[in-house]
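Working notes, beginning with the structure itself.
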Amino acid sequence: MNNKNTHELYQSVLDEVHASDELIMKLQNMTENKTKKKIYVIRKVIYVAAAIMILLIASNAVVYAATGATWIEHLVTATVNGGEYNARLIDKYDENGEFGSQKLIIDYGNGIKEGIEGDGQYAIDPNSDIEICVAEKEPKVVQKSNRVYLSWISADIREDITEDFSDGHAEFTVDVDNHNKIKFTITGTVDEYKIVLSDEEHSEEFFSE
Amino acid sequence: MDSSEFNRIVDKYADVVFRSALSFCKNKSDAEDITQNTFMKLLKSEADFENDDHIRKWLIRVAANESKSLWRSFWRKKVVSFNDLDKEPEYIDSEKNEIFAEIMKLPEKYSMVLHLYYYESYQCDEIASVLGISESNVQTRLMRARKMLKDKLGEAWLYE
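Chains as they are written, first to last, in numbering that gives the first Met the number 0: chain P, 0 to 208; chain X, 0 to 159.
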């Protein structure tokens, strides 16, 4: 293989790929919007397996003030995998009134709540309905009412593994779509566990906190 | 960084970062997110850049890290497919169309190495440093990527 020619070929193919005008405009506007940016990935992509959350912003905005800092709480309805849940979207501001970060708390009921902390870089615009992919939340082993579950709320998975896991090893498989199956392998104990997700191409490990 | 300097860098390197991001993640939406995150980090950075080449390498490194962060989401890896990529660019040369399509089908770990080697003309040790893997691992991935493309494209990839 002639490397020089391969370099030229590759470059000639990729040289025809360009960032869109819309993207360039967004980049150039960054200097003006430095203090508040959209952080959560907001898009109209339909995910096969990932949870899609739709937030419908309700009207009640409550302002709290404490220790110089301020935050605004929006009461919202979050739609996750088709189920509607009450949630709170909290904008945090520092003592100078500068936007700091956001936190979203979803109440799934039965005492199960999920908090998503913004990193100060992304922000949800409370004036528009949005979709958020929360697929990055990790699977966990949880114990409730003497039963043990592999729980992954964001992926809509809650598998009872009580019997299998009693000897420290449980396995099950989930169909992601018509073509893909993901195998879950859980080892250890409820307090100290390891979860391995694998398919034909990938493998990923998660550990207890 | 002042806005005029930032906009100059955007004008000069937005395509470079977007191409890298697209090669890494194969998905236009993600590539745009990665590009935005990368430039956001530039805007916030207090790094002293020696020259434009330094800036370019810094941007590529950040884009690579942003891409790797994206891959940590297992589900995202499952749901992103070539179909999500807009049908752009439209090549007049059908051979280039085919080559682009096959590059986009490569597993991420191979396309990333391939792009840094063939587009950015990085040496293997530089790629190893950017991706945080060993040099021998880079060479292995490069060899496999070449073989995959050669198997799919045959003479088109040789481009003699």
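We treat Cβ as the ideally placed atom computed from N, Cα and C, and that holds for glycine. Since we're looking at a predicted model, the values are computed, not measured.
Mind checking whether residue i and residue j have CB atoms under 8 angstroms apart?
{"i": "Ala62 of chain X", "j": "Ile23 of chain P", "result": "no"}
{"i": "Ser207 of chain P", "j": "Asp190 of chain P", "result": "yes"}
{"i": "Glu94 of chain X", "j": "Ala155 of chain X", "result": "yes"}
{"i": "Tyr9 of chain P", "j": "Tyr117 of chain X", "result": "yes"}
{"i": "Met111 of chain X", "j": "Ser44 of chain X", "result": "no"}
{"i": "Ile160 of chain P", "j": "Ile185 of chain P", "result": "yes"}
{"i": "Met29 of chain P", "j": "Phe38 of chain X", "result": "yes"}
{"i": "Phe5 of chain X", "j": "Val12 of chain P", "result": "no"}
Excluding the 5 residues preceding and the 5 following residue i in the sequence, name in chain order all residues of the same chain whose CB lies nearer than 7 angstroms to its CB.
{"i": "Asp52 of chain X", "result": "none"}
{"i": "Leu233 of chain P", "result": "This structure gives no information on residue 233 of chain P, because the portion of chain P shown stretches from 0 to 208."}
{"i": "Tyr148 of chain P", "result": "Val141, Arg157, Glu158, Asp159, Ile160"}
{"i": "Thr188 of chain P", "result": "Gly167"}
{"i": "Lys149 of chain X", "result": "Trp156"}
{"i": "Leu42 of chain X", "result": "Met0, Phe5"}
Using the Cβ count rule (16 or more neighbours within 10 Å means buried), how would you classify residue i?
{"i": "Ser133 of chain X", "result": "exposed"}
{"i": "Met142 of chain X", "result": "exposed"}
{"i": "Gln142 of chain P", "result": "exposed"}
{"i": "Asp32 of chain X", "result": "buried"}
{"i": "Ser3 of chain X", "result": "exposed"}
{"i": "Asn145 of chain P", "result": "exposed"}
{"i": "Ala169 of chain P", "result": "buried"}
{"i": "Asp174 of chain P", "result": "exposed"}
{"i": "Lys193 of chain P", "result": "exposed"}
{"i": "Ser165 of chain P", "result": "exposed"}
{"i": "Ser68 of chain X", "result": "exposed"}
{"i": "Lys27 of chain X", "result": "buried"}
{"i": "Asp175 of chain X", "result": "Residue coverage of chain X in this structure runs from 0 to 159, which leaves residue 175 of chain X outside it and unanswerable."}
{"i": "Tyr63 of chain P", "result": "In this prediction, Tyr63 of chain P has a pLDDT of 47, which is less than 50 and means its spatial position is unreliable; what the coordinates show is noted afterwards. The residue is exposed, with fewer than 16 neighbouring Cβ atoms inside 10 Å."}
{"i": "Ala18 of chain P", "result": "buried"}
{"i": "Glu65 of chain X", "result": "buried"}
{"i": "Asp1 of chain X", "result": "exposed"}
{"i": "Asp90 of chain P", "result": "buried"}
{"i": "Asn36 of chain X", "result": "buried"}
Who are the Cβ neighbours of residue i in its own chain at under 6 angstroms, not counting the five residues just before and after it?
{"i": "Thr34 of chain X", "result": "Val16, Phe17, Ala20"}
{"i": "Leu115 of chain X", "result": "Tyr121, Ile126"}
{"i": "His6 of chain P", "result": "none"}
{"i": "Lys182 of chain P", "result": "Thr172, Ser197"}
{"i": "Lys151 of chain X", "result": "Glu101"}
{"i": "Asp163 of chain P", "result": "Ala169"}
{"i": "Lys179 of chain X", "result": "The requested residue 179 of chain X does not occur in the structure, where chain X is confined to residues 0 to 159."}
{"i": "Leu113 of chain X", "result": "Ala144"}
Name the one or two DSSP bridge partners that residue i has.
{"i": "Trp57 of chain X", "result": "Answer is none; Trp57 of chain X lacks a bridge partner."}
{"i": "Phe205 of chain P", "result": "P:Ile194"}
{"i": "Gly153 of chain X", "result": "In the DSSP output, where bridge partners are listed per residue, Gly153 of chain X has none listed."}
Ignore the nearest five residues each way along the sequence and tell me which others in residue i's own chain have a CB closer than 8 angstroms to its CB.
{"i": "Cys123 of chain X", "result": "Tyr116, Glu134, Val137, Gln138, Leu141"}
{"i": "Ile59 of chain X", "result": "Val15, Val16, Ser19, Leu115, Glu119, Val129"}
{"i": "Val9 of chain X", "result": "Phe38"}
In chain order, which continuous runs of the alpha helix (DSSP H) of length 4 or greater are located wholly inside the region 140 to 200 of chain P?
161 to 164
Could you pull out every unbroken alpha helix (DSSP H) segment of at least 4 residues lying fully inside the region 90 to 137 of chain X, listed in chain order?
93 to 104, 107 to 117, 123 to 130
Starting from the N-terminal side, write out each stretch of the alpha helix (DSSP H) that is 4 residues or longer and does not extend beyond the region 16 to 60 of chain X.
27 to 43
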